[in-house]
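Step one of this worksheet: look at the structure below.
See below:
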């Protein structure tokens, strides 16, 4: 299975590339610039050794992949989605997007008119199957292959695509996928990110994931 | 310290009564009817043995207590608050309220105009210090004294009252209190309840709490 990490330049993209790459998935790191994508792919490859990780421009990554992850800051994600509409038609698209702003030292969830970032993304990518996941994964810790964890990943989606994402998630050691309902529930999951960030900041902890127990 | 569990007839009220009662706090179980309050207080007392747990009508419980918990279904909570305004002035009031409805088999958070149930409660109880807490405690498990757990309790509040609630929470073995910001963040915490309920229902787990790790 070919997985594209669109704009996969942040820690979540890196973590997914490394961890899925190690498992034998064919990883495509996408970026606006080919050189940047290739540089990142080669950096990631050095960290995992034997894996298939290549770089492509976002358009080519979207065209080539079976599953795409929008590891893009939410402010830019919807414009990128407009551009990649055709290439992503018929594919599974994972939204870890969290529309959020900082007011003072406080993180605030900015709920989109469409109900959630995932629903907004789905309204642009009408022919793709959008699934919301990975909002509560502490990205820096996740990108560090030495890190051990036991985190839960609530996942929202309406179609069989959700099962694809549940399966991809469970493959990663230390992650447990939990069905959190349809895409109309995605705002409940996206809201976890500002909650977790506020908890981290105010209690001076390191990065935190969540588990249901 | 005298703690009133207003309408404290549900599992959360019972759990708090038993666990704080065992710790030596003076517990007042409040209900609309005195007989019901007294019956519950005597039932709780049998479960913990040596403790101070008495029953009173809600008005008297609110008058007598230092801290009150609104263990009342959210639909009735604001009317009750109107009635107890005077008695609760100057006191710490804990809101575990979650405005929620079920649509099909799905739980939906019904965000109040005021921003959250806690903020709505604070708008009624203008002279009290409202603190939001205990939304993610699985009530039936919590009411069972044999149950062991390690759950986190995100707490929102604007005043020093938050520290009182953090302290009361930490006293209960197995609960860790986490500062989750001001009352304007309470909707992020209240949203946890429908999220957790949907996860439980769809993944056929038993009751679940959460932990940040």
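Protein chains in written order, with the working numbering: chain A, 1 to 213; chain B, 1001 to 1213. We treat Cβ as the ideally placed atom computed from N, Cα and C, and that holds for glycine. Remember, predicted model here, so these are calculated numbers, not experimental data.
Residues of chain A with a CB under 9 Å from the CB of residue i: which are they?
i                       : result
residue 1213 of chain B : 149, 150, 151, 208, 209, 210 and 211
residue 1199 of chain B : 152, 154, 178, 179, 180, 181 and 212
Does DSSP put residue i in a helix, in a strand, or in coil?
i                       : result
residue 106 of chain A  : strand
residue 1013 of chain B : helix
residue 184 of chain A  : helix
residue 194 of chain A  : helix
residue 1149 of chain B : coil
residue 57 of chain A   : strand
residue 1176 of chain B : strand
residue 100 of chain A  : strand
residue 1024 of chain B : coil
residue 133 of chain A  : coil
residue 1091 of chain B : coil
residue 125 of chain A  : coil
residue 945 of chain B  : With chain B represented from 1001 up to 1213, any question about residue 945 of chain B goes unanswered, as that position is not in the structure.
residue 1036 of chain B : helix
residue 4 of chain A    : strand
residue 68 of chain A   : strand
residue 116 of chain A  : coil
Just the chain B side, please: which residues come within less than 9 Å of residue i by C-beta, in chain order?
i                      : result
residue 172 of chain A : By Cβ distance, chain B contributes nothing, its closest Cβ being about 16 Å from residue 172 of chain A, past 9 Å.
residue 196 of chain A : 1212
residue 189 of chain A : 1195
Give the interface partners of residue i over in chain A, defined as CB-CB distance under 8 Å, in chain order.
i                       : result
residue 1183 of chain B : Within 8 Å Cβ-Cβ: nothing; residue 1183 of chain B doesn't reach chain A, min ~11 Å.
If the cut is a Cβ gap below 7 Å, which residues of chain B does residue i touch?
i                      : result
residue 203 of chain A : 1178 and 1179
Can you tell me whether residue i sits near the ligand HEM, meaning its C-beta is under 7 Å from at least one heavy atom of the ligand?
i                     : result
residue 23 of chain A : Judged by which ligands are present, the structure shown has none, so any question about the ligand HEM falls away.
So, do the region 44-53 of chain A and the region 66-74 of chain A have three or more beta carbon pairs nearer to each other than 8 Å?
Not touching, per the Cβ criterion.
Residues in the region 1076-1109 of chain B with C-beta within 7 Å of chain A's C-beta atoms, listed in sequence order?
Listed in sequence order: 1106 and 1109.
Do the region 1012-1026 of chain B and the region 138-158 of chain A meet, that is, are 3 or more Cβ pairs less than 8 Å apart?
no
On the three-pair Cβ rule with 8 Å, is the region 1169-1179 of chain B touching the region 152-160 of chain A?
no
Take every Cβ of the region 1121-1138 of chain B, pair it with every Cβ of the region 1085-1097 of chain B, and state whether three or more of those distances are shorter than 8 Å.
yes
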